[in-house]
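Visitor: Chains as they are written, first to last, in our numbering: chain A, 304 to 437; chain B, 63 to 355.
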Amino acid sequence: MADSFQFELVSPEKLLMSEAVTAVSVPGSEGFFTVMASHAPVMTTVKPGIVIVTKEGGTEEKIFVRGGFADVNEKGLTLLAEQAEPADQVDIAALEQSIKDAEEDVSDASDPEEKAKAQHALDQLREARAGLPG
Amino acid sequence: MASLKDLRNRIASVKSTQKITKAMQMVAAAKLRRAEEAAAAARPYADRMASVLANIAGAVEGDGPPLMVGTGKDDVHLLVVFTAERGLCGGFNASIVKLARQRQRELEGQGKTVKFLAVGKKAWDLMRRDLSDKVVERVDFREVKQIGFDEADQLGEMIMQLFDKGEFDVCTIFYSAFQNVITQVPTAQQIIPADLSGGEDESDEGSNAAVYEYEPEPGAILDALIPRNIKVQLLHAMLENAASEQGARMTAMDNATRNAGDMIDKLSISYNRQRQAQITTELVEIISGAEAL
């Protein structure tokens, strides 16, 4: 069995998960990556998407996060999520609403830099939406 | 001297006031438990955020974003005053505002400009008389049942927009830190430029850690992290404040209930005395009437 490490998922309102796991794949803003035990220290921003947690027994849990930060150090992985909920409980309507808002942001943005930023946010949301059922 | 009927009315009215204060105390106790839980649940995130931030701040070369290092001046101060939406909680609101005013006088004594941002209805109520021209913005969350990250987000955006417009150089928040039901400590905390001293102690123990890899580069992460941190601190302040408010209200209402009880006792004694005196007078009248025959 693979080695386990400490994984902590916290949102501003509460500590959602704190347990030993064998692997976690994180939707980093520069691409997906999977953290396993004794991973090199990394710090990265996280884009909206699905985090797949493989627990010690081999069971997988999918959690939807909306952006945040991942911090891998010798103690384990800490994921500071802006918002997080189990993938099967995601409020699809709310997500679609924020996609719509993002679309408006793109069309409202005046200068190119702002527009690129808004477009980027929109793409990330769309991608996250594609990964969810329903 | 009040008549018997007046006393009776008075006792009835104090009793109904006591019922109200008692009910308020119980409501506050229930809300306090929830507010305390919310404050406790938010703590891990704030702690982790502080250690991550301390970690990354060390890695950034050169100057960080302005939100962290400040504008290089400290001429204009923004004081964000957090209070409750309602009164009837003892000196809770007044003591926060008092602390903020004290700071204002100090700063103005040093020739700085002071601006206020009033969060909560009571802050505005207490400041509008003499400070209304200094209050740049006021926010209240009267409609909000449970303070969550959304409120902190809104407020954070507002403060950062003011900062971007160059409206102030230093931002300090005033709120009441919750210690226990009886003690709430009005606290001032500087959020812009970020005061990282709290988190730095923790990073010392981990300073022998291997070199981090950053993705994207540290500066970009920091740019995203700092605004988050500000919002998290605001959330922390709001939750602490909510717990303190309920604690203060509970104590205040407990005192009020007890005072009402004392008052009822006193009124009852004088009511009984008067009633007896009246009976005695009537008896004396009857007896002397009978003797006269």
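Idealized CB from N, CA, C, for every residue including glycine. Predicted model only: the values in this text are computed from it and were never measured.
Can you check whether the CB of Ala387 (chain A) is closer than 8 Å to the CB of Phe367 (chain A)?
Guide: Yes, these two residues count as a Cβ contact at 8 Å.
Visitor: Run through chain A and tell me which residues come within less than 7 Å of Glu275 (chain B), C-beta to C-beta.
Guide: Near Glu275 (chain B) (Cβ distances below 7 Å), the residues of chain A are Ala343, Pro344, Val345.
Visitor: Buried or exposed: Gly218 (chain B), going by 16 or more other Cβ atoms within 10 Å of its Cβ?
Guide: It is buried - the Cβ of Gly218 (chain B) has at least 16 other Cβ atoms within 10 Å.
Visitor: Just checking my contact of Ala104 (chain B) with Leu297 (chain B) at CB under 8 Å: how many whole Å lie between their CB atoms?
Guide: Yes, Ala104 (chain B) and Leu297 (chain B) are in contact; Cβ-Cβ is about 6 Å, under 8 Å.
Visitor: Based on the DSSP output, what are the partners of Asn376 (chain A) in its beta bridges?
Guide: Paired residues: A:Gly379.
Visitor: Buried or exposed for Met88 (chain B), going by 16 or more other Cβ atoms inside 10 Å?
Guide: It counts as exposed.
Visitor: Per DSSP, Tyr276 (chain B) forms a beta bridge with which residues?
Guide: In the DSSP output, where bridge partners are listed per residue, Tyr276 (chain B) has A:Met346.
Visitor: Is the beta carbon of Met86 (chain B) closer than 8 Å to that of Met315 (chain B)?
Guide: Yes, they are a contact pair.
Visitor: Answer with yes or no whether the minimum CB distance from Leu318 (chain A) to chain B is below 8 Å.
Guide: With 8 Å as the cut-off, Leu318 (chain A) counts as an interface residue toward chain B.
Visitor: What does the alpha-carbon distance come out to for the pair Thr357 (chain A) and Glu363 (chain A)?
Guide: Using only the alpha carbons, I get a separation of about 4 Å.
Visitor: If the cut is a Cβ gap below 7 Å, which residues of chain A does Phe211 (chain B) touch?
Guide: Ordered by position in chain A, the residues that pass the 7 Å Cβ test against Phe211 (chain B) are Pro315, Glu316.
Visitor: In three-state DSSP terms, what is Gln313 (chain B)?
Guide: According to the sequence displayed, residue 313 (chain B) carries Thr and not Gln. In the structure shown, Thr313 (chain B) sits in a helix (DSSP, three-state: H, G or I).
Visitor: Using a Cβ-Cβ cutoff of 9 Å, what residues of the stretch 110-135 of chain B are near chain A? List them in chain order.
Guide: Listed by position along the chain: Arg110, Met111, Ser113, Val114, Asn117, Ile118, Ala121.
Visitor: Give me the residue from B:Ala322, B:Val76, B:Gly351, B:Asn291 with the minimum Cα distance to Leu112 (chain B).
Guide: As written in the sequence, residue 112 (chain B) is Ala, which differs from the Leu given in the question. Of the listed residues, the one whose Cα sits closest to Ala112 (chain B) is B:Asn291.
Visitor: Taking Ile283 (chain B) as the query, report the chain A residues whose CB atoms sit under 8 Å from its CB, ordered along the chain.
Guide: In chain order: Met346, Thr347, Thr348, Phe372.
Visitor: Leaving out five residues before and five after Ser265 (chain B) in sequence, what residues of the same chain have Cβ atoms less than 6 Å from its Cβ?
Guide: Here the model assigns Ser265 (chain B) a pLDDT of 40, short of 50, so the residue's position is not dependable and the matter cannot be decided.
Visitor: Can you tell me which of the three DSSP states Ser238 (chain B) falls into?
Guide: The answer is strand: DSSP assigns Ser238 (chain B) an E or B state.
Visitor: Spell out the partners DSSP gives Glu363 (chain A) in its beta bridges.
Guide: Answer is A:Thr357, bridged to Glu363 (chain A).
Visitor: Taking a contact to mean a Cβ-Cβ separation below 8 Å, would you say Thr249 (chain B) touches Gln80 (chain B) in this structure?
Guide: Cβ distance not < 8 Å, so Thr249 (chain B) and Gln80 (chain B) don't count as in contact.
Visitor: By alpha-carbon positions, which one of B:Glu99, B:Gln164, B:Val114 ends up nearest to Val345 (chain A)?
Guide: Cα-wise, what sits closest to Val345 (chain A) is B:Val114.
Visitor: Which stretch, first to last residue, makes up the beta strand (DSSP E) that contains Leu150 (chain B)?
Guide: No beta strand (DSSP E) contains Leu150 (chain B), which DSSP labels as neither H nor E.
Visitor: Spell out the partners DSSP gives Gln251 (chain B) in its beta bridges.
Guide: B:Ile235.
Visitor: Which same chain residues end up closer than 8 Å to Glu399 (chain A) when comparing Cβ atoms and leaving out the 5 residues on each side of it in sequence?
Guide: The residues are Arg432.
Visitor: Looking at C-alpha atoms only, which residue of B:Asp231, B:Cys233, B:Gln241, B:Leu188 is the closest neighbour of Gly149 (chain B)?
Guide: Of B:Asp231, B:Cys233, B:Gln241, B:Leu188, the residue nearest in Cα terms is B:Leu188.
Visitor: Reducing DSSP to helix, strand and coil, say where Pro415 (chain A) ends up.
Guide: Helix, per DSSP.
Visitor: Quick one: what's got a C-beta closer than 6 Å to Ala108 (chain B)'s C-beta in the same chain, skipping five residues either side?
Guide: Excluding sequence neighbours, Ala108 (chain B) sits near Val294, His298.
Visitor: Below 8 Å on the Cβ atoms is my guess for Thr313 (chain B) versus Val243 (chain B); work out the distance and round it to an integer in Å.
Guide: That belief holds up - the Cβ atoms of Thr313 (chain B) and Val243 (chain B) are roughly 6 Å apart, short of 8 Å.
Visitor: Starting from the beta carbon of Tyr107 (chain B), find every residue of chain A whose beta carbon is closer than 7 Å, and list them in chain order.
Guide: Those are Val313, Ser314, Pro315, Leu383, listed as they occur along chain A.
Visitor: Would you list, in chain order, the members of the stretch 323-337 of chain A that have their beta-carbon closer than 9 Å to a beta-carbon of chain B?
Guide: Listed by position, the residues of the stretch 323-337 of chain A near chain B (Cβ gap below 9 Å) are Gly331, Ser332, Glu333, Gly334, Phe336.
Visitor: Does the Cβ of Glu311 (chain A) have 16 or more other Cβ atoms within 10 Å, making it buried, or fewer, making it exposed?
Guide: Buried is the call here.
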